[in-house]
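Shown next, in structure tokens, is the structure this report addresses.
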Amino acid sequence: MFEVGSLVIYGSDGVCRVENVGPLEMQDAQKDMPYYTLSPLYHGGTIFTPVDTKVLMRPGMTREEAEALIAHIPQVRAETGLSRNPRLLHEHYQLSLKSGDCVELVKLIRTVYAKGREAEGKGRRLGQVDERSRKQAMDMLHGELAVALGIPVDQVEAYIARTIERAQRGTEDMKAET
């Protein structure tokens with residue numbers, strides 16, 4: 089059970105603060121069942137969910153886990169050969185978004201970027217399913233990384249780019265020394 093005040097990742101809503109744990113005083117709520125009251129950090133609203141919810145709910149990553157994930161990003165490959173059917177593509181992306189796995193989110197983002205470059209080369213644009221899924225994956229990933237790293241969410245993308253660039257420069261420097 090999560091404590092009041094703790095930060096959790098709740099489904100595709102991303103980072104939420106646990107505001108309360110206990111029974112709800114609402115008409116449709118089961119009186120004997122404890123609920124979490126969650127406040128999403130990066131969008132409005134309040135979420136009420138049973139403590140034994142089937143929706144993925146986990147603690148956010150630590151700074152060390154965030155740094156390790158960022159270091160791993162260059163090894164994450166974009167998927168190829170995905171369906172062109174918007175419904176099937178949406179279902180595929182939803183599995184990644186609902187998995188709660190940050191590596192899956194990185195893979196989704198890289199996949200859509202690769203599709204975007206390919207479409208641009210052919211004078212076309214990405215479809216709405218790709219655009220919406222990429223944005224949702226970025227919002228979820230950047231929100232969690234921002235909390236773990238203690239930086240504003242709008243600085244996460246630049247932080248990732250700088251960190252990867254620094255690591256690649258360090259690797260090149262090591263190769264030059266040998």
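Here the working numbering is used: the first residue of the sequence shown is 89, the next is one more, and so on.
All C-beta atoms in this analysis are idealised placements derived from N, C-alpha and C, irrespective of residue type, glycine included.
Please read all numbers here as calculations on a predicted model, not as lab measurements.
Simplified DSSP assignment, three categories, for Val139: Walking along the sequence shown from the start, residue 139 turns up at place 51. DSSP places Val139 in coil when its eight states are reduced to three.
Check whether Leu196 and Gly204 have beta carbons under 9 Å apart: For the purposes of this step, residue 196 is identified with residue 108 of the sequence shown, where counting begins at 1. For the purposes of this step, residue 204 is identified with residue 116 of the sequence shown, where counting begins at 1. No, these two residues do not count as a Cβ contact at 9 Å.
The region 150-165 in contact with the region 229-244 per 3-pair CB rule at 8 Å: At 8 Å Cβ cutoff, the stretches touch.
Cβ-heavy atom distance, Gln256 to the ligand ZN, below 8 Å: Among the ligands in the structure shown, none appear at all, so the ligand ZN cannot be discussed.
Complete runs of the beta strand (DSSP E) confined to the region 142-227 [at least 3 residues]: 145-147
Own chain residues within Cβ distance below 7 Å of Val241, not counting five before or after: Taking the sequence shown and counting its residues from 1, one reaches residue 241 at position 153. Answer for Val241: Tyr130, His230, Gly231, Ala234, listed in chain order.
Coarse secondary structure for Ser100, derived from DSSP in three states: On the sequence shown, position 12 is the one that residue 100 refers to. Three-state DSSP puts Ser100 in a helix.
Delimiting residues of the beta strand (DSSP E) encompassing Ser127: Start at 1 with the first residue of the sequence shown, and residue 127 comes out as number 39. Taken as a continuous stretch (DSSP letters only), the beta strand (DSSP E) holding Ser127 covers 123-128.
Beta-carbon separation (whole angstroms), Val200 vs Asp218, contact threshold 8 Å: Sequence index remark: in the sequence shown, residue 200 carries index 112 (1-based). Sequence index remark: in the sequence shown, residue 218 carries index 130 (1-based). Between Asp218 and Val200 the Cβ distance is about 5 Å, and since that is below 8 Å, they are a contact.
Beta-carbon spacing of Gly99, Val143 below 9 Å: Taking the sequence shown and counting its residues from 1, the one referred to as residue 99 is at position 11. Taking the sequence shown and counting its residues from 1, the one referred to as residue 143 is at position 55. Yes, they are a contact pair.
For Gly231, the residue or residues it bridges with in DSSP: Position 143 of the sequence shown, counting from 1, holds the residue named residue 231. The partner list for Gly231 (beta bridge, DSSP) is empty, contrary to what the question assumes.
Among Leu183, Asn173, Ser184, nearest to Gln216 - alpha-carbon criterion: As a working mapping, residue 216 is identified with position 128 in the sequence shown. Nearest C-alpha to Gln216: Asn173.
Exposed unless 16 or more other CB atoms sit within 10 angstroms - verdict on Ala159: Within the sequence shown, numbered from 1, the residue matching residue 159 stands at position 71. Ala159 should be labelled exposed.
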